[in-house]
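To start, the structure under review is shown below, and the notes come after it.
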Amino acid sequence: MAEVTIDQIADAMFELVESTYGKKDLKPMDVTKAMIDQFGEDAVDKKMCKKALRLLIDSGRCTYKYAGGSFVTLPEG
1 MAEVTIDQIA
11 DAMFELVEST
21 YGKKDLKPMD
31 VTKAMIDQFG
41 EDAVDKKMCK
51 KALRLLIDSG
61 RCTYKYAGGS
71 FVTLPEG
């Protein structure tokens with residue numbers, strides 16, 4: 001099996017956040033666990049997920065929201 005890249009993880013994270021937008025707020029750990037479940041523990045670890053999440057936040061595709069806890073969401077507007 002081909003190695004999973006940070007960009008592939010970031011794209012999958014974005015799709016997950018986009019699909020739950022307005023329905024459920026996802027914490028960063030929820031997103032990380034979903035990626036480990038999707039790609040497998042052997043292919044993806046927490047460090048890679050953290051880098052992918054940082055890539056999404058820095059690029060502006062996703063943002064953090066605070067409402068009693070930190071959540072990953074799509075940017076407003």
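Numbering (the working numbering), first residue to last: 1 to 77. Note that CB positions come from ideal geometry on N, CA and C, so glycine has one too.
- Per DSSP, Thr-63 is not a residue of any alpha helix (DSSP H); the beta strand (DSSP E) it occupies stretches across 63 to 66.
- Taking a contact to require three or more Cβ pairs closer than 8 Å, the region 57 to 64 and the region 20 to 27 do not qualify as touching.
- Counting every other CB atom within 10 Å of its CB across the protein chains shown gives Met-29 a total below 16, marking it as exposed.
- Boundaries of the alpha helix (DSSP H) harbouring Val-17: 6 to 20, taken from the DSSP string.
- Close CB contacts of Leu-53 within its chain, under the 8 Å cut and outside five residues either way in sequence, are with Ala-10, Met-13, Pro-28, Val-31, Thr-32, Cys-62 and Val-72 (chain order).
- When DSSP states are grouped into helix, strand and coil, Val-31 belongs to the helix group.
- With a cutoff of 8 Å on beta-carbon distance, Phe-39 and Val-17 are scored as not near each other.
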